[in-house]
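So the structure is just underneath, and the comments pick up after that.
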Amino acid sequence: MKPKLLAASAALILVACSEPPVDPMVRGAELLAPFKLELKNALVGGMQNGPATAIEVCSDKAPEIAASLSVDGVAMGRSSHKLRNPDNAPPAWLELSDKPVVVDLGNGRHGYAEPIFAQPLCLTCHGEELAPDIAVQIEALYPDDQATGFSEGDLRGVFWVEF
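For the sequence shown, our numbering assigns the number 513 to the initial residue and increments by one for each residue that follows.
Here it is in structure tokens:
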């Protein structure tokens with residue numbers, strides 16, 4: 513019985529060792545995809561009801577989406593070099609880049625980030641000139657806001673994930 517058990521154990525070890533490692537760049541992108549999609553859908557839906565609703569989506573819904581997907585040793589969020597919400601401060605390993613980036617965090621963990629570029633829709637709340645009612649709402653929610661002054665195509669921030 514022991515030789516069969518030993519052979520079975522050796523076979524399992526060989527199978528485990530022969531599986532190719534998952535590329536952290538690929539895995540990071542896979543993990544972020546649902547967050548990006550859900551957030552985009554929520555923002556587009558919010559904008560259909562007006563910018564005030566979209567601001568509420570960013571304020572309330574975005575953290576809920578990130579939290580709902582941050583399970584089983586995975587944590588994710590958004591950050592920027594010009595923060596609106598101080599709760600979105602970057603993790604220590606994160607450096608903003610205009611290209612996707614992977615960081616080895618040690619102990620088999622990785623950080624992955626990919627850029628967010630300002631799109632026309634973003635400029636309603638993050639552009640150089642804001643409508644007065646939008647500026648008032650943002651000031652009420654985020655008195656230390658720094659997340660304006662962007663133009664289309666600017667690096668607005670990053671989506672990040674640790675896994």
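No residue lacks a Cβ here, since even glycine has one placed at the ideal position from N, Cα and C.
Name the residue from K611, T660 and V615 whose alpha carbon lies nearest to the alpha carbon of C634.
Checked all of K611, T660 and V615; the closest Cα to C634 is T660.
Tell me which residues share the same chain as S663 and place their Cβ nearer than 8 Å to its Cβ, disregarding the 5 neighbours each side in the sequence.
For S663, where only same-chain residues beyond five positions count, the Cβ hits under 8 Å are A630, L635, G639 and E640.
Is the beta carbon of V583 sitting closer than 8 Å to the one on P627?
Result no, Cβ atoms of V583 and P627 do not sit closer than 8 Å.
Would you tell me roughly how many angstroms separate the C-alpha atoms of L524 and P532, rounded to the nearest one?
Only weak support exists for where L524 lies, its pLDDT of 49 falling under 50; the coordinates are left without a value.
Could you tell me which of K548, W605, H622 and A541 sits nearest to K573, measuring between CA atoms?
Minimum Cα distance to K573 is reached at K548.
Mapping the DSSP letters down to three states, classify G618 as helix, strand or coil.
Three-state result, G618: strand.
Which runs of the beta strand (DSSP E) spanning at least 3 residues fall entirely within the region 595 to 651, listed in chain order?
Counting only runs of 3 or more, we get 613 to 618 and 621 to 629.
When we look at the beta-carbon of H622 and count the other beta-carbons within 10 Å, is it buried (16 or more) or exposed?
With 16 or more Cβ atoms within 10 Å of its Cβ, H622 is classed as buried.
Classify E576: buried if its beta carbon has 16 or more other beta carbons within 10 angstroms, exposed otherwise.
The residue is exposed, with fewer than 16 neighbouring Cβ atoms inside 10 Å.
Can you list, in chain order, the residues of its chain with a C-beta nearer than 6 Å to that of A587? Leave out the 5 residues immediately preceding and following it.
These residues qualify, in order along the chain: E674.
What would DSSP say about L524, mapped onto helix, strand or coil?
With a pLDDT of only 49 at L524, under 50, the local geometry of the prediction cannot be trusted, and the value read off the model is given with reservation. Three-state DSSP puts L524 in a helix.
Note down, in chain order, each residue of its chain lying with its Cβ closer than 7 Å to the Cβ of P564, except the 5 sequence neighbours on either side.
The displayed chain sequence assigns Ala, not Pro, to residue 564. Taken in chain order, the residues that qualify are Q649.
Could you spell out where the beta strand (DSSP E) holding S591 opens and where it closes?
Unbroken beta strand (DSSP E) run through S591: A587 to S591.
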